[in-house]
Amino acid sequence: MTSGLLLIDKAQDWTSHDAVARTRRLAGTRKVGHAGTLDPMATGLLILGVNSSTRLLTYIVGLGKEYEATIRLGAATTTDDAQGDETARADPASVAAITPARVAEAMTALTGDIEQRPSAVSAIKVDGKRAYARVRAGEDVVLASRPVSVSSFDLLGEARTDGFLDLDVRVACSSGTYIRALARDLGAALGVGGHLTRLRRTRVGPFDVADAAGLDDLDVAARLISPADAAGRLFPRLDLTDEQATDLGHGKRIDVSSDQQLPPLPAGPVAAIAPGHRLVGLVEYRGGQARTLVNFPTDADA
Numbered sequence: 031m032t033s034g035l036l037l038i039d040k041a042q043d044w045t046s047h048d049a050v051a052r053t054r055r056l057a058g059t060r061k062v063g064h065a066g067t068l069d070p071m072a073t074g075l076l077i078l079g080v081n082s083s084t085r086l087l088t089y090i091v092g093l094g095k096e097y098e099a100t101i102r103l104g105a106a107t108t109t110d111d112a113q114g115d116e117t118a119r120a121d122p123a124s125v126a127a128i129t130p131a132r133v134a135e136a137m138t139a140l141t142g143d144i145e146q147r148p149s150a151v152s153a154i155k156v157d158g159k160r161a162y163a164r165v166r167a168g169e170d171v172v173l174a175s176r177p178v179s180v181s182s183f184d185l186l187g188e189a190r191t192d193g194f195l196d197l198d199v200r201v202a203c204s205s206g207t208y209i210r211a212l213a214r215d216l217g218a219a220l221g222v223g224g225h226l227t228r229l230r231r232t233r234v235g236p237f238d239v240a241d242a243a244g245l246d247d248l249d250v251a252a253r254l255i256s257p258a259d260a261a262g263r264l265f266p267r268l269d270l271t272d273e274q275a276t277d278l279g280h281g282k283r284i285d286v287s288s289d290q291q292l293p294p295l296p297a298g299p300v301a302a303i304a305p306g307h308r309l310v311g312l313v314e315y316r317g318g319q320a321r322t323l324v325n326f327p328t329d330a331d332a
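Each residue of the sequence shown is one higher than the one before, counting from 31 in the working numbering.
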């Protein structure tokens, strides 16, 4: 099996580990990893790396993300989503009194660079143990707030039912932002409590769920994004000569001639592509030379 990235449209109730395990069987390799978990309740884009392309995943985890979600105003839960136990419910009259202007004001206050307290049921480690494991063991976990960036928090629609106000929203945010926490904080700001009832991840960096495939009928070989194509979406590109590709493969630094001008982002990783559209590695470009940060062996050598 060759290397590459897979864009998976994860179904509800599948864990990210389930998706990796299924793909390992389909791909016939243990070398499969993912670039950031999705809760079992959530659906949408999960990016998997196969074989040597797992080395790209560390660069994908921190990319910005986009979600579509439904926030239910009128009740709070232990997990800040529908899978938790209800801890408080607002009087229906208080929910009915919430105006569109108040919703817009509260959403605006949660947009931009903000301090967010992650949900207690999260994968963040506390003294070496996942927070969700501590909660399940009966501990009272309160995580420290941390800076995140919410570039957009848009209302797509709303519905009032059974004393609740359901808001369909779209969120574009930095890595590390918890949409469950946004639901919780929006409900708290409006004085009625809130939690998430639906979550779908639609984008991670340059990758979109529209290009993803479900696991039920996944053809791994047909859906793989080649390492060169994947790296070309993530980084500026440097096209190598055969000699330069060989030198980089042997760990040497190479001189970059005047006819090999890089795009104007020389400080970060650059995808070094050999003739034949093969990703040799990620390089750092400094002072007219490129040196390898991460190499990518051919599938025969991996």
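Note that CB positions come from ideal geometry on N, CA and C, so glycine has one too.
In the three-state reduction of the DSSP assignment, residue 83 falls in the helix class.
The Cβ-Cβ distance between residue 222 and residue 94 does not fall below 8 Å. Annotated as proximal: residue 146 and residue 176, with beta-carbon spacing under 8 Å. Residue 186 is a Cβ neighbour of residue 200, given a cutoff of 8 Å. One Cα belongs to residue 196, the other to residue 260, and the distance between them is close to 37 Å. Closest in C-alpha terms to residue 79, from the list 269, 59 and 127, comes 59.
Using a 10 angstroms sphere on the CB of residue 85, the tally of other CB atoms reaches 16 or more, which defines it as buried. Between the stretch 256-272 and the stretch 114-132 there are fewer than three inter-stretch CB-CB distances shorter than 8 Å, so the stretches are not counted as touching. When the beta-carbon positions are compared, residue 54 and residue 149 stay at least 8 Å from each other. Classified as exposed, residue 159 has fewer than 16 neighbouring CB atoms from the shown chains inside 10 Å of its CB. For the 8 Å CB-CB criterion, residue 178 and residue 207 form a contact. Note on geometry: alpha-carbon atoms of residue 229 and residue 73 lie some 6 Å from one another. Residue 307 has its alpha-carbon roughly 42 Å from the corresponding atom of residue 100. Rounded to whole angstroms, the gap between the alpha carbons of residue 49 and residue 254 is 15 Å.
Pairing residue 57 with residue 45, the inter-Cα distance amounts to about 18 Å. Taking C-beta atoms under 8 Å as the contact rule, residue 125 and residue 193 qualify, at a distance of about 6 Å. Taking 8 Å as the upper bound for CB-CB distance, residue 275 and residue 242 are not in contact here, some 31 Å apart.
Secondary structure of residue 39 (DSSP, three-state): strand.
In the structure shown, residue 113 falls within a coil segment according to DSSP collapsed to helix, strand and coil.
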